[in-house]
Amino acid sequence: MRLMLTGANGQVGWELRRSLMTIGDVIAMDRTGCDLARPGDLPRIISELKPDIIVNAAAYTAVDKAEDEEQLATVVNGTAVGVLADEARKSGALLIHYSTDYVFDGTKQSSYTEDDPLSPINAYGRSKLAGERAVGEAAGDFLILRTCWVYAARGNNFVRTVLRLARERDELRIVADQVGAPTWAREIADATALIVRQVCRERQSGSFKSGVFNMTAAGATSWHGFAEAILDQAMSRQSVQLNRPKIRPISSLEYPRPAARPKNSRLAGERLRARFGIALADWKQALALCMQEMALTETS
Numbered sequence: 005m006r007l008m009l010t011g012a013n014g015q016v017g018w019e020l021r022r023s024l025m026t027i028g029d030v031i032a033m034d035r036t037g038c039d040l041a042r043p044g045d046l047p048r049i050i051s052e053l054k055p056d057i058i059v060n061a062a063a064y065t066a067v068d069k070a071e072d073e074e075q076l077a078t079v080v081n082g083t084a085v086g087v088l089a090d091e092a093r094k095s096g097a098l099l100i101h102y103s104t105d106y107v108f109d110g111t112k113q114s115s116y117t118e119d120d121p122l123s124p125i126n127a128y129g130r131s132k133l134a135g136e137r138a139v140g141e142a143a144g145d146f147l148i149l150r151t152c153w154v155y156a157a158r159g160n161n162f163v164r165t166v167l168r169l170a171r172e173r174d175e176l177r178i179v180a181d182q183v184g185a186p187t188w189a190r191e192i193a194d195a196t197a198l199i200v201r202q203v204c205r206e207r208q209s210g211s212f213k214s215g216v217f218n219m220t221a222a223g224a225t226s227w228h229g230f231a232e233a234i235l236d237q238a239m240s241r242q243s244v245q246l247n248r249p250k251i252r253p254i255s256s257l258e259y260p261r262p263a264a265r266p267k268n269s270r271l272a273g274e275r276l277r278a279r280f281g282i283a284l285a286d287w288k289q290a291l292a293l294c295m296q297e298m299a300l301t302e303t304s
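Using my numbering, the first residue of the sequence shown is number 5, and each one after it goes up by one.
Listed below in structure tokens is the structure:
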């Protein structure tokens, strides 16, 4: 089995390299080999590689910058994804595509289900919604996996930012009125691998059905609560040397950004459990494992 992985150097893509390698031949492609900003190149690439499964972990993710670069964000997150979906359908391949909580407006008081109305409030969210719609319109075999607040031991993310700022400052001001589920990239990758194995059996038996699934860690917290948990973990590990700064909760209004953020990013995971028997770990448990890995890396 041949699996084409885009965005192979990103947070999720890097973890997918490992999790998918036991399933088949993983063709890991970064921006150099497969640039979604150039969607016209994709048909040739897919024709040459002839993948059985395309896992799209590539995306334009600069949320604030997208307000000034919405056209580019839409090309990468929308147009190119549509081309991937069309080419997958033509070749009989399965497309697995990652989406985001930002397709919702964040006004719901409870967790969002896959069937709730889509109403993004920023350019990044609109570009990701364009990708979801393009995948559905292509009418091939697909899975859309929506996740949120992704972090990893490598790359640019909230965990690494908080640890860096904690070494530089005596006080951190962190937004406390946005809620979501911090989700470890490794959990996403491992769950994806389990799904791929099951879906391959379903496609062989003719029972496969395309769909959209929420895939986030269990539980929820605010960015402020997430930061507190990060520093709790850091202070408990002797390998991390820092003086714990004070973390002051603030409102979104006190930290204006070019792009508006949803207040509620909680995604319900019942559909994923019902279809695949998969439930991601509680966000605190996953964070502890991720930070344990980070500590080991720093001391090795």
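Beta carbons are placed, not taken as given, at the ideal position from N, Cα and C, and that holds for glycine.
I'd like to check one pair, residue j with residue i: are the Cβ atoms closer than 8 Å?
i	j	result
residue 226	residue 163	no
residue 62	residue 110	no
residue 12	residue 58	no
residue 64	residue 81	yes
residue 221	residue 262	no
residue 176	residue 144	no
residue 237	residue 291	yes
residue 224	residue 116	no
residue 67	residue 126	yes
residue 93	residue 142	yes
residue 179	residue 131	no
residue 7	residue 55	yes
residue 282	residue 192	no
residue 235	residue 139	no
Could you tell me which of the options sits nearest to residue i, measuring between CA atoms?
i	options	result
residue 275	264, 41, 300 and 218	218
residue 247	173, 114, 266 and 112	173
residue 38	30, 213, 10 and 165	10
residue 112	141, 268, 47 and 272	268
residue 297	241, 250 and 251	241
residue 87	204, 50 and 214	50
residue 195	5, 43, 249 and 284	284
residue 147	166, 85 and 171	85
residue 73	188, 32, 280 and 128	128
residue 33	17, 135, 205 and 70	17
residue 181	259, 5 and 76	259
residue 190	166, 213, 158 and 171	158
residue 137	239, 254, 43 and 216	216
residue 228	252, 278, 288 and 44	252
residue 41	71, 69, 75 and 79	79
residue 95	254, 53, 76 and 188	53
residue 289	277, 205, 213 and 188	188
residue 171	75, 239 and 48	239
residue 280	204, 286 and 76	204
Should residue i be labelled buried (16 or more other beta-carbon atoms within 10 Å of its own) or exposed?
i	result
residue 304	Note on residue 304: pLDDT 48, under 50, position unreliable in the model; the coordinate value appears next. Result: exposed.
residue 231	buried
residue 90	buried
residue 270	buried
residue 149	buried
residue 300	exposed
residue 105	buried
residue 36	exposed
residue 295	buried
residue 233	buried
residue 44	exposed
Near residue i, what residues of its chain come up, given a Cβ to Cβ distance below 7 Å and the 5 sequence neighbours on each side ignored?
i	result
residue 197	23, 24 and 27
residue 133	107, 122 and 124
residue 46	84, 87, 88 and 91
residue 30	7, 9, 21 and 24
residue 114	none
Return yes when at least one heavy atom of the ligand ADP lies under 7 Å from the C-beta of residue i, else no.
i	result
residue 128	Here there are no bound small molecules, and the ligand ADP is not part of this structure.
Could you pull out every residue in the same chain whose Cβ sits closer than 8 Å to the Cβ of residue i, ignoring the five residues on either side in sequence?
i	result
residue 250	174, 175 and 176
So, at 6 Å on beta carbons, what are the nonlocal neighbours of residue i in its own chain, with the 5 sequence-adjacent residues on each side left out?
i	result
residue 277	283
residue 5	28 and 56
residue 135	81, 82 and 85
residue 70	77, 127 and 128
residue 287	185, 186, 221 and 223
residue 213	none
Legend entry - Cβ pair count under 8 Å reaching 3, the stretch 114-121 against the stretch 152-161: The stretch 114-121, when compared against the stretch 152-161, does not touch it at the 8 Å Cβ threshold.
Legend entry - contact_flag[the stretch 196-211, the stretch 263-271] where n(CB pairs < 8 Å) is 3 or more: They do not touch, by the three-pair rule.
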